[in-house]
Amino acid sequence: MSSIAQVFTYNVTDTWAVTRRNLIRYLRLPQLIFFSSVQPVMFLLLFNFVFGGSVGNEAAVPGGHYINYLLPGILVQTSLFGGLQTGIGLAEDMGKGIIDRFRSLPMARGAVLAGRTFSDMIRNIFTMSIMIVVGSLLGFRFLGGFFGAVGTFLAILAFSFAFAWMSAFIGLSVKDSETAQLAGFVTIFPLTFASAIFVPVQSMPAWLQVFARNQPVTHAANAARELALGLPNTGAWWKLLLWSAGLLAVFIPLSVYRYKNRV
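When we follow the working numbering, the leftmost residue of the sequence shown carries the number 877, and every step to the right adds one.
What follows is the structure in structure tokens.
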């Protein structure tokens, strides 16, 4: 086996070991599974029933139901909150000394971070699946067909994976999980609520539309909506891929560097 193949094999093996460790820990905390699933479902129900009547007429989507407009956006929001857990988990492991133990082992430097982001992405798939079931009970349908549904999942997961690396850098740069959570929320809230997740951008004040139209969460929501509902392609998914690639290009090296040099 060549040296390059050996390095690749070690990286994959180490990454899977960390991913498995995090998933097992997650399964041993049923209360975490419950609350991480209940919160996005509550968002879905709240916005659908509270705002569905007033926003439904503005959100011209196939099927004529606000839930068709809402669910793809809520899936994006849920994936971002799932990515936030990456930074919180790393900060918590730092505080408990677990990261120091990992760094003392003969394993790939990026495996701990990659394993964490992959395990959180798998958890996102579980939560998103629950939300789609609930959304289907409320009338949501994948009007884009099977490939539209698969494309929706892949687009959202790609964006959440990129965001998870930004969250990882935040978690490695603060002193405790509480600070990581606060820093993550400060980042997420303006991006999610000033976006196309809940309402059409054109319903916002003109000054806010400038920001909302040109930020990554809106691109993610529009891309997911177009794929899920079979809407005409406006280029949102290309913008989403560019944002995701940019985030990965910036925050993977920064996170690995921070992991290696964290005192």
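Even glycine gets a Cβ: it sits at the ideal position worked out from N, Cα and C.
- Leu1084 counts as exposed, since fewer than 16 other C-beta atoms from the protein chains shown sit within 10 angstroms of its C-beta.
- In this structure Leu1130 is in contact with Phe1045, their Cβ atoms being roughly 5 Å apart against a cut-off of 8 Å.
- Contact between the region 1060-1072 and the region 986-996 is absent: fewer than 3 CB-CB pairs across the two stretches fall below 8 Å.
- The DSSP-derived three-state label of Val894 is helix.
- Ser995 and Arg901 have their C-alpha atoms roughly 10 Å apart.
- As the crow flies, the alpha-carbon of Pro948 is around 42 Å from that of Ser980.
- In the displayed model, Asn1109 falls within coil according to three-state DSSP, outside both helix and strand.
- Of all C-beta pairs linking the region 960-969 to the region 1117-1126, fewer than three are shorter than 8 Å, placing the two stretches out of contact.
- Check the Cα spacing between Val926 and each of Ile943, Gln915 and Ser913: the tightest is with Ile943.
- One alpha carbon belongs to Gly971, the other to Gln1057, and they sit about 14 Å apart.
- Under a 10 Å Cβ-count criterion, Gly958 is classified as buried, with 16 or more other Cβ atoms of the shown protein chains found around its own Cβ.
- For Pro1108, the closest C-alpha among the options Phe1061, Val1026 and Leu1019 is that of Leu1019.
- Contact check between the region 916-924 and the region 999-1017: three or more CB pairs, one atom from each, fall below 8 Å, which counts as touching.
- Residues Pro948, Ala1100, Leu1103 and Ala1104 of the same chain have their beta carbon placed closer than 7 Å to that of Thr1028, with the five preceding and five following residues left out of the count.
- The straight-line gap separating the alpha-carbon atoms of His941 and Leu960 is approximately 30 Å.
- Asn1000 is a Cβ neighbour of Ser1036, given a cutoff of 8 Å.
- Here the alpha carbons of Phe1074 and Thr895 stand approximately 33 Å from one another.
- Here Gly963 is near Gly1047, since their CB atoms are less than 8 Å apart.
- In this structure, the alpha-carbon of Ile975 lies about 16 Å from that of Trp892.
- With fewer than 16 other Cβ atoms inside 10 Å of its own Cβ, Thr1110 counts as exposed.
- Assigned with DSSP and collapsed to three states, Asp976 falls in helix.
- A direct Cα-to-Cα measurement between Val1010 and Ser913 gives close to 11 Å.
- In chain order, Leu951, Thr954, Ser955, Phe1029 and Ile1032 place their CB closer than 8 Å to the CB of Met1004, counting only its own chain and leaving out the 5 sequence neighbours on each side.
- Between Gly1060 and Ser1043, the C-beta gap is smaller than 8 Å, which places the two residues in contact.
- Here Val1075 carries a coil assignment [DSSP, helix/strand/coil].
- A direct Cα-to-Cα measurement between Thr889 and Ile1128 gives close to 19 Å.
- By the neighbour-count criterion, in which a residue is buried when 16 or more other Cβ atoms sit within 10 angstroms of its Cβ, Ala1112 is buried.
- In this structure, DSSP gives Phe1002 a helical state, which the three-state scheme calls helix.
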